[in-house]
């Protein structure tokens, strides 16, 4: 679900556009990916990642505009003039299920604008929003269920100005979850699933039902917390702690007990967040979710989801199938093409790949 209201900032070109560059910018990392059509299937043309210096972006907000522009120019100069699909920070996006009286679809936007502040902590004048109608069932003929997505107008304008300043042309802006769903949730998935994007500085959750994003949230417990715990227990620097995490993993063996114990408080906190979201969904799933309300699976993505033993631990404790996501599931079959990124590394590129898929000729 893109945000059509942004088209006044980013009009879709009238000509047949080339493939677009998917650009995923977070507080401490930059990732990009480009897909091209070759011999009837999609292939990865370009990809890359960079570490963004601390202090340029914090919790999704641009803190040092000039320094960020210089950094991006030096790292994305080869793409000057290209069209991009850019992710907007998940922690700044608001998603709500709104129940409305029956009305023509053409009137929904105006009706939502009048009641916007009842559902999100933003004034209507300060927000850009979009909506998607939930398909009606036999139990919902007397009302409309609408998925509302909103974000601060200033945030969008800040990112728009940044990418234009470095010579890039915005094709579309999306919240990260939209790109993730496009990348990792199989197109034929009609049930309800949860996505956990376990990153370095934050962890994001999304619940997707019938192909529609119903709920999102973000917490600060993340990969940095794992490294900090190991660094404290073993009295080593963060670089050594991260290496220890990757080499030893979250595996409960006699030889690895000390590492396991150091990681356990953080992993347990992540598990409790998953559980909290499961309970929230079960207790708040309304009539709109009748036949598809039970979450059937948890998809893990993000660079920290590579932690050995994590998926098994979550599945055992939550009594829920947990699957390491495949960011290529809607892009290509490995029988046709083997990407240059290995499976583990692909997990950190899931958002960038989903953004690259946003090109209209790939949809």
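Residue numbers (this note's numbering): 897 to 1259. For every residue, glycine included, the Cβ atom is placed at its ideal position computed from N, Cα and C.
Residue of 1141, 1102, 973 and 1152 minimising C-alpha distance to residue 1064:
973
Coarse secondary structure for residue 1052, derived from DSSP in three states
helix
Could you pull the DSSP bridge partners for residue 979 from this structure?
1065
If you follow the beta strand (DSSP E) that residue 1023 is in, where does it begin and where does it stop?
1023-1029
What residue ranges within the stretch 1081-1167 form continuous beta strand (DSSP E) runs of no fewer than 3 residues, ordered along the chain?
1088-1094, 1099-1105 and 1108-1115
Within this structure, are the beta carbons of residue 1102 and residue 1073 separated by less than 8 Å?
yes
Could you say which of 1145, 1168, 1167 and 1170 lies nearest to residue 1158 if we only look at CA atoms?
1145
Given a cut-off of 8 Å, decide if residue 1194 and residue 1108 are closer than it, judged by their beta-carbon atoms.
no
Which residues bound the beta strand (DSSP E) around residue 942?
937-947
Whole angstroms are fine: how far does the CA of residue 1088 sit from the CA of residue 1178?
11 Å
Does the count of Cβ pairs from the stretch 939-958 and the stretch 1008-1015 closer than 8 Å reach three?
no
Would you say the stretch 1239-1247 touches the stretch 1218-1227, given that touching needs at least three Cβ pairs under 8 Å?
yes
Contacts around residue 1082, its chain only, beta-carbon distance under 8 Å, and the 5 residues preceding and following it disregarded
1225 and 1226
My assumption, with CB atoms under 8 Å, is that residue 1049 sits in contact with residue 1244. Please give the rounded CB distance.
With a Cβ gap of about 30 Å, residue 1049 and residue 1244 do not count as contacting.
Report all residues from its chain with a CB closer than 8 Å to the CB of residue 1173; omit the five preceding and five following residues, and keep chain order.
1090, 1101, 1103, 1111 and 1113
Less than 8 Å separating the beta-carbons of residue 991 and residue 1052?
no
Relative to the C-alpha of residue 1203, which candidate in 1192, 1162, 1214 and 929 has its C-alpha closest?
1162
Over the uninterrupted beta strand (DSSP E) stretch that includes residue 920, give me the two end residues.
917-921
Between the CA atoms of residue 980 and residue 940 - distance to the nearest angstrom
15 Å
Can you tell me which of 1154, 1120, 1032 and 1168 puts its alpha carbon nearest to the alpha carbon of residue 996?
1032
Does DSSP put residue 1216 in a helix, a strand or coil?
coil
Please list the terminal residues of the continuous alpha helix (DSSP H) segment that includes residue 1252.
1246-1252
Option nearest residue 978 by Cα separation, candidates 1096, 1060, 1138 and 1099:
1060
Residue 920 and residue 1247 closer than 8 Å at C-beta
yes
Please confirm whether residue 1094 and residue 1200 have their CB atoms less than 8 Å apart.
yes
I need the DSSP call for residue 961, collapsed to helix, strand or coil.
helix
Quick check on DSSP: helix, strand or coil for residue 1233?
coil
Going by alpha carbons, who is nearest to residue 1041 out of 1000, 1021 and 1022?
1000
Please go through the same chain and pick out, in chain order, the residues whose beta-carbon is closer than 6 Å to the beta-carbon of residue 942, but skip the five residues on each side of it.
930
Span separating the alpha-carbon of residue 1184 from that of residue 1030
In this predicted model, residue 1184 has a pLDDT of only 47, less than 50, meaning its place in the structure is not dependable; the value taken from the coordinates is given anyway. Their backbone Cα atoms lie some 7 Å apart in a straight line.
CA-CA distance, residue 917 and residue 1079?
15 Å
Rounded to whole angstroms, what's the CA-CA distance from residue 900 to residue 1066? Just pull it up for me.
The predicted position of residue 900 is uncertain, since its pLDDT is 40 and thus under 50; a value taken from the coordinates is nonetheless stated next. Their Cα atoms are separated by approximately 13 Å.
With DSSP collapsed to three states, give me the class of residue 1007.
helix
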